[in-house]
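A.B. asks: Take any residue in the sequence shown, count from 1 to its spot, add 3: that is its number in my numbering. For every residue, glycine included, the Cβ atom is placed at its ideal position computed from N, Cα and C.
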Amino acid sequence: MLNPAVKADLLKIESVFQMRHELQDAFFRALFQGVNSPYLVLEIRRDHIISDTLSQLEEKSIHDLKKQLRVQFLGEEGVDEGGVQKEFFQLIVRELFDSKYGMFSFNEESRLCWFNPNPMADISNIREYKLVGLLLGLAVYNSVILDLHFPLALYKKMMNVDIDITDLKQLDPSLGKGLERLLHFDGDIESEYDRFFQVDVESYGHVFTCDLKPMGSTVQLTNSNRHEFVQLYSEFVLGESVKKQFEGFREGFQLVCQDSAIKIFRPEEVEQLICGSSDLDFEALEAATVYDGGWTKDSEIIKFFWEIVHSFSYEEKKKLLFFATGSDRAPIGGLSKLQFVIAKNGGDSDRLPTSHTCYNVLLLCEYSSKEKLKERLLTSISNAEGFGMI
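1. Can you give the Cα-Cα distance for residue 155 and residue 161, rounded to whole angstroms?
2. For my contact list, residue 371 and residue 351 are in at a C-beta cut-off of 8 angstroms; report their separation, rounded to the angstrom.
3. For residue 390, count neighbouring Cβ atoms within 10 angstroms of its own Cβ and tell me buried if that reaches 16, exposed if not.
4. Going by the DSSP bridge assignment, what does residue 357 pair with across the sheet?
5. For residue 147 and residue 92, which I take to be in contact (beta-carbon distance under 8 angstroms), what is that distance rounded to the nearest angstrom?
6. If we ignore side chains and look at the alpha-carbon of each, how far apart do residue 234 and residue 42 end up?
7. Rounded to whole angstroms, what's the CA-CA distance from residue 109 to residue 157? Just pull it up for me.
8. Compare the beta carbon distance of residue 168 and residue 237 with 8 angstroms and say whether it is the shorter of the two.
9. Can residue 281 and residue 326 be called in contact, C-beta distance under 8 angstroms?
10. Where do the ends of the alpha helix (DSSP H) carrying residue 58 lie?
11. Between which residues of its own chain and residue 340 is the CB-CB distance below 7 angstroms, once the five residues before and five after are set aside?
12. Let me know the secondary structure DSSP gives residue 348 once reduced to three states.
13. For residue 6, is the classification buried or exposed, using 16 other Cβ atoms within 10 angstroms of its Cβ as the cut-off for buried?
14. Within its chain, find whatever has a CB closer than 7 angstroms to the CB of residue 381; leave out the 5 residues flanking it on each side and keep chain order.
15. Below 8 angstroms on the Cβ atoms is my contact criterion, and I expect residue 53 with residue 95 to pass it. Report the Cβ-Cβ distance as a whole number of Å.
16. Out of 115, 220 and 259, point me to the one whose CA is closest to residue 67's CA.
17. From which residue to which residue does the beta strand (DSSP E) around residue 117 run?
18. If we ignore side chains and look at the alpha-carbon of each, how far apart do residue 393 and residue 293 end up?
19. When the Cα of residue 73 is compared with those of 190, 79 and 88, which residue comes out closest?
20. Can you have a look at residue 212 and say buried or exposed, based on whether 16 or more other CB atoms are within 10 angstroms of its CB?
21. With 16 other CB atoms within 10 Å as the buried threshold, where does residue 363 fall?
22. So what does DSSP say about residue 280, is it helix, strand or coil?
23. Using a Cβ-Cβ cut-off of 7 angstroms (strictly less than) and excluding sequence neighbours within five positions of residue 240, which residues of its own chain qualify?
24. May I ask which residues mark the beginning and end of the beta strand (DSSP E) holding residue 76?
25. Starting from the Cα of residue 298, find the closest Cα among 346, 329, 262 and 337 and give me that residue.
The following block contains the structure:
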């Protein structure tokens, strides 16, 4: 059995090989057919990020999608070496999951998202779910960790693994517990519950009554069929009620990942691959860190740095990681797999630490004291988004 980190390495090697193949192919095509970009280039307006991304990705061929991604925010300078695409994914995911679009519902109890059931969903709605799936596929292909909050059920469905009440309970704890009470109820269910194999779905102010099985309106819930009812209810909430939405999502994801090594991953490994891990082992990060520009692990400022970092709260460590890498989560395999670099940025100065998120590089001046280093570092990481990062 391969462990998740080895599987992730295989997938990354496969992606790099495919990108090089597309790069060579683009070069030869350019010789005979004229200009042909070797990259998947997206030119995005920040205030139209969804519409621009949707319209441009729909024009791309499968070969284009397999090229290395380059994002350009219009009107802004800078070449995307990885940092801009991290910011792009962060911004568009935040936008797509905003409640104003109504694509996903958010459960306050579990803090997880799910597709919004919409029996009236049309082609334009499905296009947007396809975009979300495609973005997930591109993130995996380009080794970008996303800030997503889906239940394990999503990754089970992506990998064609059956779902059950435990998955529903993770997404909606109250509903899951209610169905569990039904399974363990000692009395007469038919008289106590008085319901049929139907469920009401609320969507955009309308309530739709749906059968859980053919002729469900005529099938009474009883002690003998309650297990079937609970299974069908779970499958309905996580499957049938959002079938169109999920199929659009999966179609987009498979445009990039269908023939990749991702098929050897288990559902929980796919989740970790896409979302990273919240387990932040900074001891492992320290052991794996590389130093540049004159710093070594024995430099006084470096010793001060790690003493400060190890004293940080969990939230402060997340902020530091986000400031230096563009993500506050560890890659699959943990922080020891992160190629983290601390580079010297000159002598003592009042300048704040900066970072190259595209290369996971943190730049530190040779501050005159541990206290000054801590103050400057905390100022930087507390203002990380759109500040100090390159």
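C.D. replies: According to the data block:
1. Within the sequence shown, residue 155 is the residue found at index 152, counting from 1. Within the sequence shown, residue 161 is the residue found at index 158, counting from 1. Near 10 angstroms, if we compare the C-alpha coordinates of residue 161 and residue 155.
2. Taking the first residue of the sequence shown as 1, we reach residue 371 at position 368. Taking the first residue of the sequence shown as 1, we reach residue 351 at position 348. Correct: roughly 5 angstroms between the Cβ atoms.
3. Along the sequence shown, read from residue 1 onward, the residue named residue 390 stands at position 387. Residue confidence is low: residue 390 scores 39 on pLDDT, short of 50, so the model does not pin down where it sits. Its coordinate-derived value is still stated next. Flag for residue 390 reads exposed.
4. Counted from its first residue, the sequence shown places residue 357 at position 354. In DSSP, residue 357 forms a bridge with 366.
5. Numbered from 1 along the sequence shown, position 144 holds the residue referred to as residue 147. Numbered from 1 along the sequence shown, position 89 holds the residue referred to as residue 92. The C-beta separation of residue 147 from residue 92 comes to about 5 angstroms, placing the pair in contact by the 8 angstroms criterion.
6. In the sequence shown, residue 234 corresponds to position 231, counting from 1. In the sequence shown, residue 42 corresponds to position 39, counting from 1. Roughly 46 angstroms between the two C-alpha positions.
7. Sequence index remark: in the sequence shown, residue 109 carries index 106 (1-based). Sequence index remark: in the sequence shown, residue 157 carries index 154 (1-based). Spanning the two alpha carbons is a distance of roughly 14 angstroms.
8. Translated into positions along the sequence shown, residue 168 becomes position 165. Translated into positions along the sequence shown, residue 237 becomes position 234. Contact: yes.
9. Within the sequence shown, numbered from 1, the residue matching residue 281 stands at position 278. Within the sequence shown, numbered from 1, the residue matching residue 326 stands at position 323. It is not a contact, given that the beta carbons lie outside the stated cut-off.
10. Counting from 1 along the sequence shown, the entry for residue 58 is found at position 55. For residue 58, the uninterrupted alpha helix (DSSP H) run begins and ends at 52-61, by DSSP.
11. On the sequence shown, residue 340 is found 337 positions in, with the first residue counted as 1. For residue 340, where only same-chain residues beyond five positions count, the Cβ hits under 7 angstroms are 8 and 334.
12. Here residue 348 is taken as the residue at index 345 of the sequence shown, counted from 1. Note: residue 348 maps to coil in three-state DSSP.
13. As a position in the sequence shown, residue 6 is number 3, starting the count at 1. Classification for residue 6: exposed.
14. Mapped onto the sequence shown, residue 381 falls at position 378. Counting only Cβ-Cβ distances below 7 angstroms, and skipping sequence neighbours, we find nothing.
15. Position 50 of the sequence shown, counting from 1, holds the residue named residue 53. Position 92 of the sequence shown, counting from 1, holds the residue named residue 95. Rounded to the nearest angstrom, the Cβ distance from residue 53 to residue 95 is 7 angstroms, consistent with a contact under 8 angstroms.
16. On the sequence shown, position 64 is the one that residue 67 refers to. Here the closest residue by C-alpha is 259.
17. Within the sequence shown, residue 117 is the residue found at index 114, counting from 1. Residues 115-118.
18. As a first step, residue 393 is located in the sequence shown; it is residue number 390 there, counting from the start. As a first step, residue 293 is located in the sequence shown; it is residue number 290 there, counting from the start. Residue confidence for residue 393 is low, a pLDDT of 42 falling below 50, so the modelled location carries little weight and cannot support an answer.
19. Position 70 of the sequence shown holds residue 73. Between residue 73 and the set 190, 79 and 88, the nearest pair of CA atoms involves 88.
20. Position 209 of the sequence shown, counting from 1, holds the residue named residue 212. Exposed, because fewer than 16 other Cβ atoms sit within 10 Å of the Cβ of residue 212.
21. Locating residue 363 in the sequence shown gives position 360, where the first residue counts as 1. With 16 or more other Cβ atoms within 10 Å, it is buried.
22. One-based indexing of the sequence shown puts residue 280 at position 277. Reduced to three states, the DSSP call for residue 280 is strand.
23. By 1-based counting over the sequence shown, the position of residue 240 is 237. These residues qualify, in order along the chain: 171.
24. By one-based count along the sequence shown, residue 76 stands at place 73. Looking at the DSSP string, the run of the beta strand (DSSP E) that includes residue 76 is 71-76.
25. Residue 298 sits at position 295 when you count from the first residue of the sequence shown. Of 346, 329, 262 and 337, the residue nearest in Cα terms is 346.
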